Amino acid sequence: MSCQADLPWIEHSCRTCAEPLPAATPNAVNCAVCQRRPPPLISAVAPLEYSFPIDAAIKALKFKRKLFYAPALSEILCTSSNSLPDDIDAILPVPLHWRRKAWRGFNQATELGKPLARHLGLPLLKGVYRQHATPFQSGLAASERLRNLRQAFTTSGPVAHKHVLIVDDVVTTGATTRQLAIVLLANGAEKVSALAVARASFRTV
Ligand SMILES: [Zn+2]
40 MSCQADLPWI
50 EHSCRTCAEP
60 LPAATPNAVN
70 CAVCQRRPPP
80 LISAVAPLEY
90 SFPIDAAIKA
100 LKFKRKLFYA
110 PALSEILCTS
120 SNSLPDDIDA
130 ILPVPLHWRR
140 KAWRGFNQAT
150 ELGKPLARHL
160 GLPLLKGVYR
170 QHATPFQSGL
180 AASERLRNLR
190 QAFTTSGPVA
200 HKHVLIVDDV
210 VTTGATTRQL
220 AIVLLANGAE
230 KVSALAVARA
240 SFRTV
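Read in this note's numbering, the sequence shown has 230 at position 191, and its numbers run on one by one without any break.
Written out as structure tokens, the structure is:
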């Protein structure tokens, strides 16, 4: 991977969905979409644009099993976690359906989330599952993604942590994070935040 300074860092972003914002937007202001319909998240951070070379690294990790990309990507998460609230008490890598995980051999979100959990000294939240093997989301319209995700997640019991941090490789529409957050809040969590390596802007992609 390139030197960190060459990466496509997002300078200004919405506090609750991580969508890039124009430089003129004052700090701590949410995007128009979140202002109209606040997401079930306290905070969302995704420091990089989903463009070269980050998109290539994430695709190689996911689809070509290049696990050696995981530590570098996880290091980006560790650095970016500084801008998250400090009361987070558990980490939840976005669960993969067991069939998809068996096919891939690993869950990329877990590979990224484990070093972050160690770095923050926090436990990984267990007992959250993906119920359906949703079709690959890439290439689907936002409405189709949302339909696929309805009731996609379930828990095996109450969530014992108060502020859960959802970790993923890339956030596109934010629909996965939203659905997962709704399930966590319905099962006992009081707050949910999200952290991903990259944000693909759904207004331009
Ligand atoms: Zn937003």
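Glycine included, C-beta positions come from ideal geometry on N, C-alpha and C. Computed from a predicted structure; not experimentally measured.
Query	Result
Just to confirm, does residue 55 get its C-beta within under 8 Å of one of the non-hydrogen atoms of ligand 1?	yes
Would you tell me roughly how many angstroms separate the C-alpha atoms of residue 201 and residue 194, rounded to the nearest one?	15 Å
Taking all protein chains shown into account, decide if residue 45 is buried (16 or more other Cβ within 10 angstroms of its Cβ) or exposed.	exposed
Starting from the C-beta of residue 112, find all residues in its chain whose C-beta is less than 6 Å away, skip the five residues before and the five after it, and write them out in chain order.	151 and 236
In whole angstroms, what is the alpha-carbon distance linking residue 120 and residue 85?	10 Å
Whose C-beta lies closer than 7 Å to the C-beta of residue 62 among residues of the same chain, with five residues either side of it excluded?	50 and 51
Is it buried or exposed for residue 196, if we count other Cβ within 10 angstroms and need 16 for buried?	exposed
Which residue spans inside the stretch 131–181 form an unbroken alpha helix (DSSP H) run of at least 4?	137–143 and 147–159
Do residue 142 and residue 168 come within 9 Å of each other at the CB atom, strictly closer than that value?	no
Need the endpoints of the alpha helix (DSSP H) that residue 240 sits in, please.	It is not in any alpha helix (DSSP H) - residue 240 carries neither H nor E in the DSSP assignment.
Which one or two residues does DSSP pair with residue 59 in a beta bridge?	52
In the DSSP output, what is residue 285 paired with across the bridge?	There is simply no residue 285 to check, as the chain begins at 40 and stops at 244 in what is shown.
Quick one: what's residue 210 bridged to in DSSP?	238
Rounded to whole angstroms, what is the Cα-Cα separation between residue 76 and residue 100?	33 Å
Drop a sphere of 10 angstroms on the beta-carbon of residue 54, count the other beta-carbons inside from all chains shown, and report buried for 16 or more, exposed for fewer.	buried
Among 73, 157 and 60, whose alpha-carbon lies nearest the alpha-carbon of residue 114?	157
If you measure between the beta carbons of residue 82 and residue 233, is that distance less than 9 Å?	yes
Are the stretch 124–140 and the stretch 89–97 touching by the rule of at least three beta carbon pairs closer than 8 Å?	no
Take the Cβ of residue 199 as the centre, count every other Cβ of all protein chains shown within 10 Å, and call the residue buried at 16 or more, exposed below.	exposed
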